[in-house]
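Shown next, in structure tokens, is the structure this report addresses.
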Ligand code: F0G
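In this note's numbering, the protein residues as written are 1400 to 1868.
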């Protein structure tokens, strides 16, 4: 295309390998081999890209921003997509059949009310809910479906609490693949279920929780006709890591002190950590932001493990990762997106957090609900799982891990309209959690905003305004 900047990266034949994360094994596999867990030791895999920044970091910055500038005027996936813009960092060739729904390019908002609520001078919110299907999953799904096409897959399958499902359904439909989705029956927000149905996926409601659905998907992965689209698939992580690049660009290459994300299956935290690490290794940034992960109290296996780690022993050396995580067998939270007790990518996420000097903590249902309403008051809004971030930042400020003047960014993962029922119940005072008789909380809605009835007359409306405003 005329005016297009020359492609910067030069690579050897294969743009990377898949490598087992177990350092004692470290087996490698070709990019076209369809493996999810290491066939030798059963550990998860990660992609090691052959990265190069020809012309140096400044040339890469310029290339990416020129593609963004072409944006809407172009039909090239590298210009319209916030994933494919960073092709030099991804394990794909220039002639790959890039799948895109114009994902990425999401806003970074100032959130002054939430900042004050947390006790810090300023806070910015990177809203991944402004992706095509309303969640951060779309960046990973663009990469996973492109890889599925390259590997000749026909049917893509995932377990999901709802967002991965909606995203897979949309991106599979765009790629001409069949999608089958395993959902924990009765535990998924109707908005997310509706999306998957509308995009034409086969939706299978399973008697069991997300972890049970995930175990089924791992079993199905052995079938040659099936392509797994969960974040156990390292190509998902590759797409999702691009948010780290976009975020740093939006920060004009000034590295924030903290980046805070919700934690469920731990793909997102893994991906952000990988993205920042790769920018550092190319000399495009000079330090890592501290990456912190926040879980909901009733579904917090990694926060439990983290609380018992001896961080002093870890300081200044390559993290040593425990071999086992104690799963939460009956995870409970009203933030259904992160109702997960046995996260698949916990080792990779823990490694990224430890390398960066961040924290992994949990927040209560009450803290989460109030933080969510506060994000709403900032005119931004998000789905419940995303609000763990603001609730977590408030706690990390209170414990001294975040200073008042630190530069802090929270990554919001899903759009507010993903779970309207939660919002209505909060504002009407009806939000409560019944966790199988263990706890039964009726929430005090600190930021409650109940609808009022008004008669259909001008006088009644004026009188309501007078009383309320
Ligand atoms: N926020 C939202 C809105 C999510 O949907 C998820 C995960 C997370 C946070 C946690 O991210 O799993 O990468 O640590 N949702 C998955 C799903 C499990 O099936 O949609 P994670």
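C-beta atoms are modelled at their ideal positions from N, C-alpha and C, and glycine is treated no differently.
- The three-state reading of DSSP puts residue 1616 in helix, counting H, G and I together.
- Residue 1554 is positioned such that its CB atom lies no closer than 9 Å to that of residue 1582.
- Looking only at 1629, 1574 and 1458, the smallest Cα-Cα distance to residue 1599 is reached by 1574.
- In the displayed model, residue 1659 falls within a strand according to three-state DSSP.
- Per the C-alpha coordinates, the member of 1502, 1477, 1797 and 1481 positioned closest to residue 1495 is 1477.
- Residue 1831 and residue 1768 have their C-alpha atoms spaced approximately 10 Å apart.
- Sixteen is the threshold: since fewer than 16 other Cβ atoms of the shown chains lie within 10 Å of the Cβ of residue 1728, the residue is exposed.
- Positions of the alpha helix (DSSP H) runs, each at least 4 residues long and wholly inside the segment 1406-1489, are given as 1456-1469 and 1476-1479 in order along the chain.
- In the three-state scheme derived from DSSP, where H, G and I count as helix and E and B as strand, residue 1508 is classed as strand.
- As computed with DSSP, residue 1518 is found in no beta bridge at all.
- The three-state secondary structure of residue 1526, taken from DSSP, is strand.
- Taking every protein chain shown into account, the CB of residue 1707 has fewer than 16 other CB atoms within 10 angstroms, so this residue is exposed.
- A straight-line Cα-Cα distance of about 11 Å links residue 1522 and residue 1810.
- Residue 1772 holds the alpha-carbon nearest to the alpha-carbon of residue 1815 among 1846, 1794 and 1772.
- Short note on residue 1782: C-beta closer than 8 Å to some heavy atom of ligand 1.
- In this structure residue 1415 is not in contact with residue 1539, their Cβ atoms being roughly 16 Å apart against a cut-off of 8 Å.
- When C-alpha distances from residue 1512 are compared across 1784, 1776, 1844 and 1730, the shortest belongs to 1776.
- Checking the DSSP bridge columns, you'll see residue 1604 partnered with 1582.
- Note that the segment 1652-1664 touches the segment 1681-1696; at least 3 beta-carbon pairs, one per stretch, sit closer than 8 Å.
- In the structure shown, residue 1832 falls within a strand segment according to DSSP collapsed to helix, strand and coil.
- Residue 1760 and residue 1752 do not touch by the CB rule: their CB atoms are close to 11 Å apart, not below 8 Å.
- When only Cα atoms are considered, residue 1579 and residue 1569 end up about 12 Å apart.
- The bridge partners DSSP lists for residue 1841 are 1831.
- The beta carbon of residue 1613 lies closer than 6 Å to those of 1558 in the same chain, with the five residues before and after it left out.
- Around residue 1859, the same chain offers 1853 as residues with beta carbons nearer than 8 Å, after the five sequence neighbours per side are excluded.
- Comparing alpha-carbon positions, the option among 1484, 1479 and 1663 lying closest to residue 1462 turns out to be 1484.
- If you compare the alpha carbons of 1500, 1519 and 1532 with that of residue 1804, the shortest gap goes to 1519.
- For residue 1434, the CB contacts under 8 Å within the same chain, skipping 5 residues up- and downstream, are 1417, 1428 and 1444 in chain order.
- DSSP places residue 1556 within a strand segment (E or B) once states are collapsed to three.
- Cβ atoms of residue 1732 and residue 1697 come within 8 Å of each other, at about 5 Å.
- When distances are taken from the beta-carbon of residue 1737 to the heavy atoms of ligand 1, the shortest one is below 8 Å.
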